[in-house]
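Peer 1: Please see the structure below; I have some questions.
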Amino acid sequence: MHWTLDHSSTQRLQDQVAACVVRGLHTGELSVGEQLPPAAELAEAISVDRNTVLAAYRQLREAGILEFRRGRGARIAATAETGDLAPVRHAVQAAIDLARRYGLDSSDVITLVKELS
Amino acid sequence: MNTTAYTGRATNWPSVIISGLLLVPLIGLAASSGSVPETVVAFTVLALVGLLAEVVTASDVRASCGPHGVNIHWGFLGWPRAKYSLVDIANASVVDVPWWAVSYGFWWTPGRTVCTVRTGPALRLHLVNGRTVTVTVPDPHRALAALRIAGNGG
Chain A
95 MHWTLDHSST QRLQDQVAAC VVRGLHTGEL SVGEQLPPAA ELAEAISVDR
145 NTVLAAYRQL REAGILEFRR GRGARIAATA ETGDLAPVRH AVQAAIDLAR
195 RYGLDSSDVI TLVKELS
Chain B
13 MNTTAYTGRA TNWPSVIISG LLLVPLIGLA ASSGSVPETV VAFTVLALVG
63 LLAEVVTASD VRASCGPHGV NIHWGFLGWP RAKYSLVDIA NASVVDVPWW
113 AVSYGFWWTP GRTVCTVRTG PALRLHLVNG RTVTVTVPDP HRALAALRIA
163 GNGG
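From first to last, the protein sequence lines stand for chains A and B. To convert, count from 1 in the first sequence and add 94; that's our numbering. To convert, count from 1 in the second sequence and add 12; that's our numbering.
Next comes the structure, spelled out in structure tokens:
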């Protein structure tokens with residue numbers, strides 16, 4: 095599981111941790127029933143406070159994405175939506191096709207996406 | 013400032029299942045200890061302890077790679093554990109572990125530490141003191157990428 099946090103962002107770190115989990119679900123890095131790292135271990139790995147990870151895990155539990163079992167830590171809940179990226183893929187493909195018609199190549203599209211996001 | 017880290021967990025399910033199956037007759041033998049010699053009971057208890065130790069410490073490995081270096085936690089309890097900071101790591105690579113080289117648990121020799129629970133790609137660290145550390149992680153290429161990003165200052 096890949097975790098990327100921007101410590102200089104205005105977005106709260108706990109929201110960024112939660113977003114990593116949601117992204118992992120959508121990209122297939124995480125699947126239903128999979129166990130997440132213990133809060134202390136993850137906190138050390140991503141250089142945040144343990145309470146930040148716990149807050150993110152609680153946030154995800156309230157959203158129905160995680161479930162806690164005594165002695166077994168946090169797991170991806172069966173109710174979590176593991177949506178695939180098909181809609182995003184189609185939208186990006188359409189944007190690339192349109193860009194080609196305007197004579198733009200993939201690097202121009204990437205630059206444009208970075209400008210807009 | 014960005015932080016990129018990788019976490020992964022690999023479980024040796026065949027080892028867990030075989031160990032569990034082996035425990036059943038051992039527990040049965042220990043339970044009926046009244047009719048067997050004391051030496052058999054002693055060996056049974058020792059075997060039981062060994063199997064439990066194997067299940068607890070060697071069936072599962074969790075690893076995290078990032079700015080802190082590499083942390084490895086063995087077993088369901090997360091112990092034993094090892095920590096290698098970035099300054100201890102000379103370089104890292106992804107190696108393919110053949111079936112005959114899988115340690116199925118924690119192995120330590122003067123030159124290397126191995127914790128591989130299955131065949132296939134694994135992360136290998138080459139430490140500055142000359143030792144190598146090989147550990148099974150689900151996606152070693154991502155682990156390696158996280159280490160390289162961390163090594164470049166994020």
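No residue lacks a Cβ here, since even glycine has one placed at the ideal position from N, Cα and C. Quick caveat: nothing in here was measured; it's all calculated off a predicted structure.
1. In its own chain, which residues sit with a C-beta less than 8 Å from the C-beta of B/V114, not counting the 5 before and 5 after it?
2. Return yes when the Cβ of B/I101 is within less than 9 Å of the Cβ of B/H153, no when it is not.
3. Would you call the segment 143-162 of chain A and the segment 190-209 of chain A touching, i.e. three or more CB-CB distances under 8 Å?
4. Could you work out which residues of chain A lie near B/R154, taking near to mean beta carbons separated by less than 8 Å?
5. Would you identify the three-state DSSP class for A/S102, choosing helix, strand or coil?
6. Assuming A/L160 and A/A171 are in contact, meaning their beta carbons sit under 8 Å apart, how far apart are those beta carbons, in whole angstroms?
7. In chain A, which residues lie less than 9 Å from B/T56 when you measure between Cβ atoms?
8. Is it right to say B/C64 is buried, meaning 16 or more other beta carbons lie within 10 angstroms of its own, or is it exposed?
9. How would you call B/A162, buried or exposed, if buried means at least 16 neighbouring beta carbons within 10 angstroms?
10. Mind checking if B/N164 is an interface residue toward chain A, Cβ cutoff 9 Å exclusive?
11. Which residue or residues does DSSP assign as beta-bridge partners of B/K95?
12. Among A/A134, A/H101 and A/D109, whose alpha-carbon lies nearest the alpha-carbon of B/M13?
13. Using only CA atoms, which one of A/D109, A/E209 and A/G127 lies nearest to A/T176?
14. Quick check on A/E175 - is its C-beta less than 9 Å from some C-beta in chain B?
15. Beta carbon of B/A17, beta carbon of B/P150: below 9 Å?
16. Am I right that A/C114 and A/T104 are in contact with their C-beta atoms under 8 Å? What's the rounded C-beta distance?
17. In angstroms with no decimal places, state the Cα-to-Cα distance between B/V61 and B/R143.
18. Let me know if A/Q187 comes out buried or exposed under the rule of 16 or more other beta-carbons within 10 Å of its beta-carbon.
Peer 2: If we stick to the structure as given:
1. If you number the second sequence from 1, residue 114 of chain B lands on position 102. Here B/V114 has T128, V129, R130 and T131 as same chain residues with Cβ atoms under 8 Å from its own Cβ, once five neighbours each way along the sequence are excluded.
2. As a position in the second sequence, residue 153 of chain B is number 141, starting the count at 1. As a position in the second sequence, residue 101 of chain B is number 89, starting the count at 1. Taking 9 Å as the cut-off, the Cβ atoms of B/H153 and B/I101 do not count as close.
3. Counting Cβ pairs under 8 Å, fewer than three are found: no touch.
4. For this step, residue 154 of chain B is matched to residue 142 along the second sequence. Neighbours of B/R154 on chain A, chain order: H96.
5. Against the first sequence, residue 102 of chain A aligns to sequence position 8. When DSSP states are grouped into helix, strand and coil, A/S102 belongs to the coil group.
6. Counting from 1 along the first sequence, the entry for residue 160 of chain A is found at position 66. Counting from 1 along the first sequence, the entry for residue 171 of chain A is found at position 77. Sure, about 6 Å apart at Cβ, within 8 Å.
7. In the second sequence, counting from the first residue as 1, residue 56 of chain B sits at position 44. Near B/T56 there are no residues of chain A at all, since even the closest Cβ is about 27 Å away, more than 9 Å.
8. One-based indexing of the second sequence puts residue 64 of chain B at position 52. Here the sequence assigns Leu to residue 64 of chain B, which means Cys is not the residue at that position. Counting of Cβ neighbours within 10 angstroms places B/L64 among the exposed residues, the total staying below 16.
9. Here residue 162 of chain B refers to the residue found at position 150 when the second sequence is read from its first residue. Buried.
10. By one-based count along the second sequence, residue 164 of chain B stands at place 152. No, its Cβ sits nowhere closer than 9 Å to a Cβ of chain A.
11. Locating residue 95 of chain B in the second sequence gives position 83, where the first residue counts as 1. Per DSSP, B/N83.
12. Position 1 of the second sequence holds residue 13 of chain B. Among A/A134, A/H101 and A/D109, the Cα nearest to that of B/M13 is on A/H101.
13. The residue you call residue 176 of chain A lines up with position 82 of the first sequence. Measuring from the Cα of A/T176, the nearest candidate turns out to be A/G127.
14. Sequence index remark: in the first sequence, residue 175 of chain A carries index 81 (1-based). Chain B contact via Cβ: absent.
15. For this step, residue 17 of chain B is matched to residue 5 along the second sequence. For this step, residue 150 of chain B is matched to residue 138 along the second sequence. Cβ distance not < 9 Å, so B/A17 and B/P150 don't count as in contact.
16. In the first sequence, counting from the first residue as 1, residue 114 of chain A sits at position 20. In the first sequence, counting from the first residue as 1, residue 104 of chain A sits at position 10. With a Cβ gap of about 17 Å, A/C114 and A/T104 do not count as contacting.
17. By one-based count along the second sequence, residue 61 of chain B stands at place 49. By one-based count along the second sequence, residue 143 of chain B stands at place 131. Roughly 30 Å separates the two Cα atoms.
18. For this step, residue 187 of chain A is matched to residue 93 along the first sequence. Per the 10 Å Cβ criterion, exposed.
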